[in-house]
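Visitor: Residue numbers (the working numbering): -1 to 273. Glycine included, C-beta positions come from ideal geometry on N, C-alpha and C. Please read through the structure below; I'll follow up with questions.
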Amino acid sequence: MAPLRFSANLSWLFPELPGLPARLRAAGSSGFEAVEVAWPYAEPPEALARAAREAGLRLVLINTPPGDQEKGEMGLGAVPGRQAAFREGLEQAVRYAKALGCPRIHLMAGRVPQGADRIAVKAEMEIVFLENLRHAAGVLAEADLVGLLEPINTRITDPQYFLDTPQQAAAILQKVGRPNLQLQMDIFHWQIMDGNLTGNIQEFLPIVGHVQVAQVPGRGEPSSPGELNFPYLFQLLEDEGYKGFVGCEYQPRGEGWPWGRELWRDDRGCFLLVG
-1 MAPLRFSANL SWLFPELPGL PARLRAAGSS GFEAVEVAWP YAEPPEALAR AAREAGLRLV
59 LINTPPGDQE KGEMGLGAVP GRQAAFREGL EQAVRYAKAL GCPRIHLMAG RVPQGADRIA
119 VKAEMEIVFL ENLRHAAGVL AEADLVGLLE PINTRITDPQ YFLDTPQQAA AILQKVGRPN
179 LQLQMDIFHW QIMDGNLTGN IQEFLPIVGH VQVAQVPGRG EPSSPGELNF PYLFQLLEDE
239 GYKGFVGCEY QPRGEGWPWG RELWRDDRGC FLLVG
């Protein structure tokens, strides 16, 4: 049973610092061994790779570009009419991943187009997503990379997001049938959409390539007040044999990595969170 490994999500942590190089240094100084970032594309990949090396860190996850955020886009993988833009963004993500030594790319599904009915466009969006994912799997295989699908909750965070439950994502992965495409489990989103975390973790963990955490409902760190019992969930992940990274994707109460110093095990080896 391997101990859990944590990665700092630099799109969320160290918000008091203005740029990724500074946040990389802060993550290294805070004791992280790994980091992840949603969109690193504002910085040259060589500069980020150098900053990560100097901080003693490895990059473990980036996202495909979101598209035109001024027009409300948040990923393009399942968006009809945006196939060319998705594939162009995928090529950019692969370039960055290779330069950064990052093994995983979150292939963002995107939102139901504004004004469209979710049920009416679901079949068309799934067809587009499947086509793009088959293309992506081939591109990623050539670079020895893994693509991830992340369900995002539509009750609080993003009501228009296409992919919103682990069941939907797992069904799509099964239809694509490529081993280098896996599931990204964000416990915050899963709890809001479906609950049943013990059952869902046990069912879907064999196809999970990355985990992210935040407390519910406030999206704070695991030691903050909320409805999730993180000592239990962390222990469950270990007991079920999860060997990947756990991404810290939350809004910190203070600066940096406050709860990491509060993460302990009792004399039985079980997790405790003191906060």
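Less than 8 Å between the CB atoms is what I'm expecting for E4 and F30, so what's the real figure, rounded?
Guide: Position 6 of the sequence shown, counted from the start, is the residue given in the question as residue 4. Position 32 of the sequence shown, counted from the start, is the residue given in the question as residue 30. The residue asked about is misnamed: residue 4 is Phe in this sequence, not Glu. Rounded, the Cβ-Cβ distance is 7 Å, consistent with contact.
Visitor: Do M191 and N151 come within 9 Å of each other at the CB atom, strictly closer than that value?
Guide: The residue labelled residue 151 in the question sits at position 153 within the sequence shown. The residue labelled residue 191 in the question sits at position 193 within the sequence shown. It is a contact, given that the beta carbons lie within the stated cut-off.
Visitor: Only counting the same chain, and skipping five residues up and downstream in sequence, which positions put a Cβ closer than 8 Å to that of E92?
Guide: The count along the sequence shown starts at 1 and reaches residue 92 at position 94. Here residue 92 turns out to be Val, not Glu, going by the sequence shown. If we look at V92 and ignore the five residues flanking it on each side, its Cβ neighbours are I103, V137, L138, A141, L143.
Visitor: Please classify G254 as buried or exposed, where buried requires at least 16 other C-beta atoms within 10 Å of its C-beta.
Guide: Residue numbering aside, residue 254 sits at position 256 when the sequence shown is read from its first letter. Because the pLDDT at G254 is just 45, under 50, the model does not fix this residue reliably, and the point stays unresolved.
Visitor: According to the Cβ coordinates, are Q189 and V244 closer than 9 Å?
Guide: As a first step, residue 189 is located in the sequence shown; it is residue number 191 there, counting from the start. As a first step, residue 244 is located in the sequence shown; it is residue number 246 there, counting from the start. Result no, Cβ atoms of Q189 and V244 do not sit closer than 9 Å.
Visitor: Spatial neighbours of G354 within its chain, please: C-beta separation below 8 Å, excluding the five flanking residues on both sides.
Guide: Residue 354 falls outside the range modelled here, since the chain spans only -1 to 273, and no answer is possible.
Visitor: According to the neighbour-count rule (16 or more other Cβ atoms, all chains shown, within 10 Å of its Cβ), is Y230 buried or exposed?
Guide: On the sequence shown, residue 230 is found 232 positions in, with the first residue counted as 1. With fewer than 16 Cβ atoms within 10 Å of its Cβ, Y230 is classed as exposed.
Visitor: Taking DSSP as the reference, what is the three-state secondary structure of Q90?
Guide: Taking the first residue of the sequence shown as position 1, residue 90 is located at position 92. Helix.
Visitor: Look at the alpha carbon of A107 and the alpha carbon of P149, and state the distance between them as a whole number of angstroms.
Guide: For the purposes of this step, residue 107 is identified with residue 109 of the sequence shown, where counting begins at 1. For the purposes of this step, residue 149 is identified with residue 151 of the sequence shown, where counting begins at 1. When rounded, the distance between both Cα atoms is 9 Å.
Visitor: Compare the Cα-Cα distances from K275 to each of R251, L161, I199 and report the closest residue.
Guide: Past the boundaries of the shown model lies residue 275; the chain is included only from -1 to 273, so the question cannot be answered.
Visitor: Per DSSP, S56 is paired with what?
Guide: Numbered from its first residue, the sequence shown carries residue 56 at position 58. The sequence given here has Arg at residue 56, not Ser. A32, per the DSSP bridge assignment.
Visitor: On the premise that L147 lies in contact with L98, defined as a C-beta separation below 8 Å, what is that separation, rounded to the nearest angstrom?
Guide: By 1-based counting over the sequence shown, the position of residue 98 is 100. By 1-based counting over the sequence shown, the position of residue 147 is 149. At roughly 21 Å, the Cβ-Cβ gap does not stay under 8 Å, so L98 and L147 are not in contact.
Visitor: Under the three-state reduction of DSSP, which class applies to S5: helix, strand or coil?
Guide: Taking the sequence shown and counting its residues from 1, the one referred to as residue 5 is at position 7. The answer is strand: DSSP assigns S5 an E or B state.
Visitor: Checking 9 Å against the spacing of the C-beta atoms, do A296 and P19 come in under that value?
Guide: Because residue 296 is not part of the residues shown, which for the chain are -1 to 273, the question remains open.
Visitor: If you reduce the DSSP assignment to three classes, tell me which class R102 lands in.
Guide: Position 104 of the sequence shown, counting from 1, holds the residue named residue 102. Strand at R102.
Visitor: Have a look at G207 and G242 and give me their C-alpha separation to the nearest angstrom.
Guide: As a position in the sequence shown, residue 207 is number 209, starting the count at 1. As a position in the sequence shown, residue 242 is number 244, starting the count at 1. Distance between the alpha carbons of G207 and G242: 7 Å.
Visitor: Here's a check: name, in chain order, each residue in its chain whose Cβ is nearer than 7 Å to the Cβ of R64, leaving out the five neighbours to either side.
Guide: Indexing the sequence shown from 1 puts residue 64 at position 66. The sequence shown places Pro at residue 64, not Arg. Around P64: W37, E71, M72, G73, M106.
Visitor: For G17, collect the residues of the same chain with a Cβ closer than 6 Å to its Cβ; drop the 5 residues on either side in sequence, then sort them by chain order.
Guide: As a position in the sequence shown, residue 17 is number 19, starting the count at 1. So the list is empty, once near-sequence residues are dropped.
Visitor: Suppose you measure from the CA of A274 to the CA of Q67; what does that come to, to the nearest Å?
Guide: Nothing in the structure corresponds to residue 274, since the chain is present only between -1 and 273.
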